[in-house]
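A.B. asks: Under the working numbering, the letters of the sequence shown match residues 28 to 203, in that order. Note that CB positions come from ideal geometry on N, CA and C, so glycine has one too. It should be emphasised that the depicted structure is a prediction, and the values quoted were computed from it without experimental measurement. The structure is given below, and queries will be raised subsequently.
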Amino acid sequence: MTDNLPLTYISILLGILVVVAIFLFRQVLKTRKIESRFSNLQKKLTTEKGTAQEYYELGSIYLDKKLFVQAVQLLQKALKADNDLSLENKALIYNAMGFAYFSQEQYDIAIRNYKEAIKLYPEYTIALNNLGNVYEKKQLTAQALEVYKQTLVFDDKNIIAQKRVESLAKRFSPTN
Numbered sequence: 028m029t030d031n032l033p034l035t036y037i038s039i040l041l042g043i044l045v046v047v048a049i050f051l052f053r054q055v056l057k058t059r060k061i062e063s064r065f066s067n068l069q070k071k072l073t074t075e076k077g078t079a080q081e082y083y084e085l086g087s088i089y090l091d092k093k094l095f096v097q098a099v100q101l102l103q104k105a106l107k108a109d110n111d112l113s114l115e116n117k118a119l120i121y122n123a124m125g126f127a128y129f130s131q132e133q134y135d136i137a138i139r140n141y142k143e144a145i146k147l148y149p150e151y152t153i154a155l156n157n158l159g160n161v162y163e164k165k166q167l168t169a170q171a172l173e174v175y176k177q178t179l180v181f182d183d184k185n186i187i188a189q190k191r192v193e194s195l196a197k198r199f200s201p202t203n
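Listed below in structure tokens is the structure:
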């Protein structure tokens, strides 16, 4: 019985190490793929004019890297690059710009971009949630509650909106 204890311990330890190694390997591959795409897009867009999708993709990578000013510049180029963009794609770009401005604490500009995204694509629940979040940051609780309720009209199972409506509604309920 005591002879099996070290073997069991080593087996469990080896199993944990294999799981960690697999996880790390996947993360390295994912990071290399993103960095490779980042490098290729940067090279291409500095030498020639790109498509809206390429500018958006590079802008999104800059957002992930928390380089918000550069991301906004690229997202603006994405809007100008293709006049035939679908409304949904334009809404995605405006939402991303709103996020970049929100991250820089430029809330009024973020609100303007989120509203533009919603104007182009009214059912865009992510932009609605983002707009509600900005309103909360600006202490505009009534507007935030209204936006979250609007989100639930389009997606009644939206967990973020459900939680925020519940939380914000408590602030407006009369106390006994």
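(1) Would you kindly work out how many angstroms separate the C-alpha atoms of L155 and V174, rounded to a whole number?
(2) Around the C-beta of E81, are 16 or more other C-beta atoms found within 10 angstroms, so that it is buried, or is it exposed?
(3) My understanding is that L72 touches A127, with C-beta atoms under 8 Å, so please give their C-beta distance in whole angstroms.
(4) Which word fits K92, buried or exposed, when buried means at least 16 other C-beta atoms lie within 10 angstroms of its C-beta?
(5) What distance in whole Å lies between the Cβ atoms of L101 and L85, which are believed to be in contact at a cut-off of 8 Å?
(6) For N160, does the count of other Cβ atoms within 10 angstroms reach 16, so buried, or fall short, so exposed?
(7) What number of angstroms, rounded off, separates the C-alpha of N185 from the C-alpha of T178?
(8) Kindly indicate which three-state DSSP category S130 falls into: helix, strand or coil?
(9) Whose C-beta lies closer than 8 Å to the C-beta of N203 among residues of the same chain, with five residues either side of it excluded?
(10) Under the rule that 16 or more other beta-carbon atoms within 10 Å means buried, what is G42, buried or exposed?
C.D. replies: The answer reads as follows:
(1) Roughly 6 Å separates the two Cα atoms.
(2) Buried, since its Cβ has 16 or more Cβ neighbours within 10 Å.
(3) Contact between L72 and A127 fails: their C-beta atoms lie close to 17 Å from each other, not under 8 Å.
(4) Result: exposed.
(5) About 5 Å separates the two Cβ atoms, so the contact holds.
(6) Taking a 10 Å sphere around the C-beta of N160, we find 16 or more other C-beta atoms and assign the residue as buried.
(7) Distance between the alpha carbons of N185 and T178 is about 8 Å.
(8) Note: S130 maps to helix in three-state DSSP.
(9) Here N203 scores only 42 on pLDDT, less than 50, and its place in the model should not be relied on; the value that follows carries that caveat. Nothing listed; no residue qualifies.
(10) Label assigned to G42: exposed.
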